[in-house]
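Okay, structure first, notes after.
Residue numbers (the UniProt record's numbering): 1 to 68.
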């Protein structure tokens, strides 16, 4: 049985991933500024976890660039 090799991403694909990641990061910042956090007792709820989306996308597509 043959193992299929995953093709490496080209320079233009890496640039598109970078632009998509930065756009999602900008949207995440916008959402965290618009939606307020609220507190129930000692627990505070906010939308800060939305910032992990760009990091997850970059790790999926190109983990070496995400590590840098």
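Virtual Cβ for every residue (Gly too), placed ideally from N, Cα, C.
In summary, residue 17 is buried, with 16 or more beta-carbon neighbours lying within 10 Å of its beta-carbon over all protein chains present.
The C-alpha of residue 13 lies about 33 Å from the C-alpha of residue 35. Under DSSP, residue 38 shares a beta bridge with 45.
The Cβ neighbour count for residue 29, taken over all protein chains shown within 10 Å, is under 16; the residue is labelled exposed.
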